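The next block holds one structure in the form of structure tokens; read it before the comments.
Residue numbers (the numbering used here): 902 to 1092.
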């Protein structure tokens, strides 16, 4: 009896940290869907929730607990809530954006190998793609001798969410961007 009590007393401090919630992602605000969202203070979700968030309210997600649960921050405390209660949850939102150290702008770049393609063929493909993708209001600067195409464009962003089984769009701003494509024999680079 004493041995069992001693073993459980020693194991208790090890179990408590496993139940602690931690903020592991940058805070991102999401919305509760049409059903209320229960907030649990520990990983024990069989008990009554500590709080319940009303439908359509905002919640700040600061981590992922399990595949179907997220950690949310509310009034300085951390809670668990099921992902299916959030209407616009997207785990990709928490992925860090590639920020350029000099310009402090989001910058994507990479080199794509295209074995067997010549510089002129890749340039023709890139020019055709730019002509299809960008309108006359965007600024496309072709430089065939240098194997370079520069594009300055802007796109309106619309966020689509479903409320009451109806897909609705709302204006979210304008993204202004610059794209430069450099072509060489067998590869191209985008910045």
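We put the beta carbon where it would ideally sit given N, CA and C, even for glycine.
The structure presented is a predicted model; accordingly, all values stated were derived computationally and were not measured.
Item	Value
Residue 1053: first and last residue of the uninterrupted beta strand (DSSP E) it sits in	1049 to 1064
Other residues of its chain near residue 994: CB distance less than 7 Å, five sequence neighbours each side excluded	929
Residues that DSSP places opposite residue 1014 in a beta bridge	1088
Residue 965 - partner residues in DSSP beta bridges	971
Residue 895 - partner residues in DSSP beta bridges	There is no way to answer for residue 895, as the model of the chain reaches only from 902 to 1092.
Among 1007, 931 and 972, nearest to residue 1076 - alpha-carbon criterion	1007
At least 3 beta-carbon pairs within less than 8 Å: the region 963 to 982 vs the region 1024 to 1031	no
For residue 1034, three-class secondary structure by DSSP	helix
For residue 1054, the nearest candidate out of 1039, 1065, 1044 and 1045 (CA to CA)	1039
Range covered by the beta strand (DSSP E) that runs through residue 983	978 to 983
Sequence-distant residues of its chain with Cβ nearer than 6 Å to residue 998 (five each side left out)	1007
Inter-residue spacing [alpha-carbon to alpha-carbon] between residue 983 and residue 925	17 Å
Pair within 8 Å by beta-carbon distance, residue 940 and residue 950	yes
Residue closest to residue 1084, alpha-carbon to alpha-carbon, out of 1023, 952, 944 and 955	1023
Reference residue 1096; option with closest CA among 932, 975 and 973	The chain is shown only over 902 to 1092; residue 1096 falls outside these bounds and no answer can be derived.
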